[in-house]
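Note sheet for the following structure.
There are 4 protein chains.
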Amino acid sequence: MNKNEFAPTPPMGWNSYDYYDTAVNEEQIKQNAKYMAANLKEFGWEYIVVDIEWYAYDAGSKREQYQYIPFGKVEMDEYSRLLPCPERFPSSVNGKGFRPLADYIHSLGLKFGIHIMRGIPREAAHKHSKILGCDVTANEIANPYNICFWNPDMYGLETEKRGAQEYYNSLFALYSEWGVDFIKCDDICRMDMPSAKKEIKMLHQAIQNCKRPIVLSLSPGPALIEEASYYEGYANMWRITDDFWDDWKYLYQMFERCETWQSHVAKGCYPDCDMLPLGYIGKGFGKERYTSFTKEEQITMMTLWCIFRSPLMLGANLTKLDDWTKKLITNKKVLKLLSDSHKARQIRRTDTQAVWFSSDTKESIGYLAVFNLKESKQNIMIEANDLGLKSFQDLPFEELWSEETSIGTGLSFEAHVYGHGAKLYRIEI
Amino acid sequence: MNKNEFAPTPPMGWNSYDYYDTAVNEEQIKQNAKYMAANLKEFGWEYIVVDIEWYAYDAGSKREQYQYIPFGKVEMDEYSRLLPCPERFPSSVNGKGFRPLADYIHSLGLKFGIHIMRGIPREAAHKHSKILGCDVTANEIANPYNICFWNPDMYGLETEKRGAQEYYNSLFALYSEWGVDFIKCDDICRMDMPSAKKEIKMLHQAIQNCKRPIVLSLSPGPALIEEASYYEGYANMWRITDDFWDDWKYLYQMFERCETWQSHVAKGCYPDCDMLPLGYIGKGFGKERYTSFTKEEQITMMTLWCIFRSPLMLGANLTKLDDWTKKLITNKKVLKLLSDSHKARQIRRTDTQAVWFSSDTKESIGYLAVFNLKESKQNIMIEANDLGLKSFQDLPFEELWSEETSIGTGLSFEAHVYGHGAKLYRIEI
Amino acid sequence: MNKNEFAPTPPMGWNSYDYYDTAVNEEQIKQNAKYMAANLKEFGWEYIVVDIEWYAYDAGSKREQYQYIPFGKVEMDEYSRLLPCPERFPSSVNGKGFRPLADYIHSLGLKFGIHIMRGIPREAAHKHSKILGCDVTANEIANPYNICFWNPDMYGLETEKRGAQEYYNSLFALYSEWGVDFIKCDDICRMDMPSAKKEIKMLHQAIQNCKRPIVLSLSPGPALIEEASYYEGYANMWRITDDFWDDWKYLYQMFERCETWQSHVAKGCYPDCDMLPLGYIGKGFGKERYTSFTKEEQITMMTLWCIFRSPLMLGANLTKLDDWTKKLITNKKVLKLLSDSHKARQIRRTDTQAVWFSSDTKESIGYLAVFNLKESKQNIMIEANDLGLKSFQDLPFEELWSEETSIGTGLSFEAHVYGHGAKLYRIEI
Amino acid sequence: MNKNEFAPTPPMGWNSYDYYDTAVNEEQIKQNAKYMAANLKEFGWEYIVVDIEWYAYDAGSKREQYQYIPFGKVEMDEYSRLLPCPERFPSSVNGKGFRPLADYIHSLGLKFGIHIMRGIPREAAHKHSKILGCDVTANEIANPYNICFWNPDMYGLETEKRGAQEYYNSLFALYSEWGVDFIKCDDICRMDMPSAKKEIKMLHQAIQNCKRPIVLSLSPGPALIEEASYYEGYANMWRITDDFWDDWKYLYQMFERCETWQSHVAKGCYPDCDMLPLGYIGKGFGKERYTSFTKEEQITMMTLWCIFRSPLMLGANLTKLDDWTKKLITNKKVLKLLSDSHKARQIRRTDTQAVWFSSDTKESIGYLAVFNLKESKQNIMIEANDLGLKSFQDLPFEELWSEETSIGTGLSFEAHVYGHGAKLYRIEI
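If you read the sequences in order, they're chains S, A, W and F.
For the first sequence, this note's numbering begins at 7 and goes up steadily by one.
For the second sequence, this note's numbering begins at 7 and goes up steadily by one.
For the third sequence, this note's numbering begins at 7 and goes up steadily by one.
For the fourth sequence, this note's numbering begins at 7 and goes up steadily by one.
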């Protein structure tokens, strides 16, 4: 199996984290999935991803003190494998795990993903639990010094020990039985523990072994640019930032990150700008809100993610989606960049503006994205020459958010862009 | 209680680590104590210290793989307090803990010390064990991200939470009941976890609370010189190096460390050069040997430790002590520097030599230590002026290792010193 | 010559920098000296120090662009030695250098100091100028990679090359001829260039060679605490901070610095808290102002500097000194701490308060300084026990700023201190 | 002008540094050029590059002390521009500069390159020399704190000041007059001074302004991978290592560097593995020698450089070139990879082996490079699957160094490779 075939274009979907934090339950997942199937699927949205802590009984119950409660009760099988908490995911009882929920998602024509933490549960190590198909026990492959710095659930693996790869194999065998299509593995992408790099490869190997084409997504960022070819070899997407939220300073910083990673976007290989904090978000965090991004900033975000070809994962509670947001995320001509554009390049970046250009893989089309990084409106000039064109004369332009069309003239082109906003032009060349 | 009164001169004793590693048992402790009482006590040696892992059942049993076995079985009471492993310390059965062994040591006229790790047992946190005299449980005060980087037994404390100081208080209440005179607390001196600095103060507070004058020794080093006054405020001794062993390179480095700390030696406050790897050592590490230090190097070590006024802790298996070593550690005139000298200052240090000078607190005596840091013999010149003296003319000199005496002449003095060796002169001034 | 005898108590004086920046001239120096002789000398103030750039013709002339103008014209003799700019110091013409000005200062009963930069003028290196008494030229001992990071005038020395020590010797021979009593050497104390440590020793050696007891002051800080004994060996005072100005945040930070250095104050050895930005300052910087410190903050500063025994160097334009400031700096009982107290120790420091205690060397007097680090008033409790006293019962107290007296009662004492203020008690014990 | 057109394939040439160090002269340049024209030109070798210090009179004369003599005499015009030292480059007299030598090189059908240091001569700044076409002087645009850490000749520019871009423009106007085709700019690629990044763009701008298609090469490395797109925007080649020499450890490290940079090789954009230390080298360094690389290591180097598509710059004294080396650098089928292959990817890298694969841009040809990183011979297995091929069955193989041909069988292929050696297969697919 060639892992690049698992995701021939950047994955598009929904993730429970931005709205529900650690506390999402089965019914909520189903409601969001239902909405997606009915309203978004036709535009390419297809993944439903259950994020962190689905195995924890008390997740979210002490939110003022902890995001991740230490030493809390978790659901685990005899082979050191975490299972969905049955109180939160009732269909998982009697060892059925996520199989029933995955079946439901699949019945809607969608795909099913889950989040995991790198390593093996600390509880399994302290209990000396078994590893499936192997005579070693969890304490023998858990490294007591190899911990995540923000989540207390796991120990990293002793990657060179017998039983370590077997443990990951046993996890993916289970996920394959369940029908999982997408794994977001956390505490691994930044490689801040020495074993993390090796564990990426072990996850890849476990996917190959399980024979199911499971997309592998790595978190959290920033990923290390000097390891670009390593990520490309073993994963489908990797976060190039720490958690992204609805604050202009993070969006501003993303321009530098995309510049850094621009030549590393390829089939099955996607530097990941993180989830889209659109619509209603933040409830599980105790501050439910409509996204703090202005409309212009939302357009900027969508434009950058699409021309760069980041995966798109919605953070909004879909059951509360408003018309404006829905329209924003269902613009077919914009979303087409994900599947049909390539070779996106940053043409220019200063403190106040950024310009990107890419082209269609099938037609003679150029895509020009012009970003205003200032708070106030400005006119931004682009030379045909900067885009490798002789002239703009007589070229048909369409701005894809406003659907306004025009005809180019001369050697340069001026875009009028609102503060923190963007324009995305489709140019026939 | 003024903690500086607990150790008015640098502590002198024996520690189980250098010979037995993690695996010492009650009988071995007793044998070494017996030897000390019979042979060394009269020279000032008095502490018997049981080093790390006395609570672990399997300590030392997988030595080729681990020094500290992760997730191994430990003896612990219902209040999250570690107890001696009864298989290794039979007198500790039925909750008697170290009380019988301490009684025995005291009956020999000696003092009893034990090693502890900063924090609370990981097992207690995962089991939600109780804390004595407090309604919180171990999971509430254990910080899952605050671990030691080389020992897997403990979690550091949530120092700001209710129950944390109470836990340390409960430990020292127990140690006080047992009759412990000396605590060597590990994973704390280097302050490489943010809570460690606070935990030093909490230990001090727990000693004050327990009403027993327990000497507090902090490990491992190097201690932070910029925190000198903090150590001085709360501890009696603090390691200024990482583990010290019988290799010239470590001894050579100690000269720089002593230079750094020279003005911080005071009553009850001792920068600690670590244990003396003399005689037979290394058995528990799988490489029993007679110290690799040459005789000259041993003299250098003893001279530096004594003029600097480091605590002296013997690493040798005392039951196998040879005459040469015994003589080395029972030179009364040399040991007198520990109790009666002060204001030791490094006069000079180059790549090839070091010179120290101090004076007696009671008599008009100067102590001059001359170290040859080269491999080959050299003559080292000292100017009277360098020592704050007008002249050496007519001053009586005694070299304290050889007991040779002479009379000074003129403004300078030349010491003939063997490679890696030292001379220690007592000068009547 | 024992350099510790050059400054048996912390030097007290005035420095041109805080008011005049780089642009002070002879007349201004004389006016400030005259004021000192008439008004402050009797209280112990005695040094008049000409700070940086006295050799530069255009110093201060492009202040909006540069503090130190690169490649500007300087006065230099044929032996690569900088001389006073004759346009600014008219008495220096015809090679007389600072001799006439020093004579004048001495005639007032004061002492004369100047600032120098570590190294040799870049211009001398590029011109291949001579070195006095030596056949090497400046280019041979200037290290083109060894520069100061904030001043463009000099190259550091090739300390191992013949001619380097000779150059420093030639400088101090000249300073000795001029009658210089105090050298503030800059770009050296922080040891941020590899040669700086060696150059400190070379300066010391040059002073010994010149036979004049010139006090050696090292700048800028922070000095390295791990090099404490090195500074003690070769210099009289060393800055423990970067430049200090009239802003509470710097004053607040000084408490930590003094804590760090508290055990390193001794005869002839003074960790230096930097100049006192009192009265009118800042003119050369283009922002002349009356110090921004509140009166309480000024009292805090004076109290800390005095109990810690920092050198005291006034930054104020003395010719504009107001009565309040004059009174602040001429409190005899407070200034007495500089000469007659010792063993100052920080007793306590939290985010909101600090307590120091020291004692008189001659009488049975304790000095207790209580600092309120909060903005608002607070009562601060001190236990007799914390100061090593059994009780405060019946002890006579005098607060040295207010001159209020009282009699102690019981085991504790409460100081009422204004926000950012201090109390300094003299206690007969 | 599109700078990517200046070097449509990786530049191939010769550089004076590896053999002559700083001391090459005109006659030596000509002799090497003559050899290239007669023997190597037909294989694609075309650049003749005069490396560092061509403007210095005394370059190489104090080699035991300095590689770069500080404050030495240099040839400079009135506009702060360095000129060839006429004693070393006689044809440059009377202001003719490198024009006569460039003409000669061009007459041989070759191209001419020179080395420059970032910035402006220190001497110009200290002399306040003029800048062409501008009323500012060198002291105004030289930054006295912005120096190279290994060469003492220059100050970096005040890039934001008027006159800075004008100075670079004046340099390239001169180089264009001379007929320079290639500039290797030093002290810039690693961006270890804050201005260096900006100066790269300024050099690019100066080339655009001068209207001559001058190839821009940046030194020294390692270049910063996170700045990949910046180098791609403004330069033609950038060093991905520090200086490379004939020692296996450097060659071994290059595999990691090439892995890091593999996706950044494109038309006009070449990550640069540095010069090839082949044949006779090292004379100017005082250790003339035949390359210390074994023949196998030389094959490894050439194979890696060619499949990766690094520029190729010969370090050998061409006038002493032996037959073996000549054959090594004139293998047409190997050199064809530089011009006709693309998308080279590292397939595997372990401590002991590395495998790369690329393909021809014009024909259905795959290139497989197999490297043995161990000292002893080994057989290295490659799966067809790893290269994206279904099978090797019936595919014609040619090993390009030995010219041995074979026919593939089955799903895997085994390469027998000598210690530190390589095989390079051309496979018809």
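Here a beta-carbon is modelled for each residue, glycine too, at the ideal position from N, C-alpha and C.
As the structure is a computational prediction, the values presented were derived from the model and not from experiment.
In the assembly as shown, Ser201 (chain W) is a buried residue. Its beta-carbon has 16 or more other beta-carbons within 10 Å. Chain A has no Cβ within less than 8 Å of the Cβ of Glu32 (chain W). In terms of beta-carbon proximity, Ile126 (chain F) stays away from the interface with chain W, with every pair separated by 8 Å or more.
By the rule that beta-carbons nearer than 8 Å mark a contact, Ala62 (chain F) does not touch chain W. At the C-beta level, Leu107 (chain F) and Ile35 (chain F) come within 8 Å of one another. Look at Gln73 (chain F) here: in three-state DSSP terms it is coil, with no helix or strand label.
DSSP places Ile388 (chain F) within a strand segment (E or B) once states are collapsed to three.
Within the region 269 to 280 of chain S, the residues whose Cβ lies closer than 9 Å to any Cβ of chain F are, in chain order, Ser269, His270 and Ala272.
Taking a Cβ-Cβ cut-off of 8 Å, the neighbours of Ser235 (chain S) in chain F comprise Glu265, Thr266, Gln268, Ser269, Arg351 and Gln352, given in sequence order. Ile120 (chain S) and Ala39 (chain S) do not touch by the CB rule: their CB atoms are close to 13 Å apart, not below 8 Å. Apart from the 5 residues on each side of it in sequence, Ala234 (chain S) sits with its Cβ closer than 7 Å to the Cβ of His270 in its chain, given in chain order.
The region 274 to 294 of chain A makes no contact with the region 370 to 379 of chain A; the number of CB pairs closer than 8 Å stays below 3. Under the three-state reduction of DSSP, Phe12 (chain W) is assigned to coil, being neither helix nor strand. Secondary structure at Gly139 (chain S): coil, using DSSP grouped into helix, strand and coil. According to the DSSP assignment, Lys349 (chain S) belongs to the beta strand (DSSP E) that extends over Ser347 to Arg355. Look at Ile371 (chain F): its C-beta is not under 8 Å from any C-beta on chain S. Among the residues facing chain A, His132 (chain S) is included, as its CB has a counterpart in that chain under 8 Å away. Residue contact with chain S for Glu232 (chain F): present (Cβ-Cβ distance below 8 Å to some residue of chain S). Counting along the chain, the unbroken beta strand (DSSP E) around Ala428 (chain S) starts and ends at Ala428 to Glu434. Here Val340 (chain F) carries a helix assignment [DSSP, helix/strand/coil]. Where Lys255 (chain S) is concerned, the enclosing alpha helix (DSSP H) starts and stops at Trp254 to Trp267.
Between Leu180 (chain A) and Ala360 (chain W), the alpha-carbon positions lie close to 34 Å from each other. For the region 150 to 174 of chain W, residues whose beta-carbon sits nearer than 7 Å to a beta-carbon of chain F comprise Pro150, Tyr151, Ile153, Phe155 and Pro158. The beta carbon of Asn145 (chain F) is closer than 6 Å to those of Ala131 and His134 in its chain, skipping five residues each way along the sequence. In the DSSP assignment, Trp244 (chain W) is bridged to W:Leu224 and W:Pro277. For Met319 (chain F), the uninterrupted beta strand (DSSP E) segment begins and ends at Leu318 to Leu320. CA-to-CA, the gap between Ser22 (chain S) and Arg196 (chain S) works out to about 22 Å. Residue pairing by DSSP places Cys191 (chain F) opposite F:Ile122 and F:Leu224 in a beta bridge. Among the CB atoms of chain W, none fall inside 8 Å of the CB of Pro14 (chain F). Contact annotation, Leu163 (chain A) with Ile189 (chain A): C-beta distance approximately 16 Å; criterion of less than 8 Å not satisfied.
Lys117 (chain A) counts as buried, since no fewer than 16 other beta carbons sit within 10 angstroms of its beta carbon. Ranked by Cα distance from Gly285 (chain F), the options F:Leu324, F:Ser223, F:Asn100 and F:Thr336 are led by F:Leu324. In this chain, the beta strand (DSSP E) harbouring Pro150 (chain W) covers Ala148 to Ile153. Counting along the chain, the unbroken beta strand (DSSP E) around Thr411 (chain A) starts and ends at Thr411 to Ile413.
The beta-carbon of Pro76 (chain W) is placed less than 8 Å from the nearest beta-carbon of chain F.
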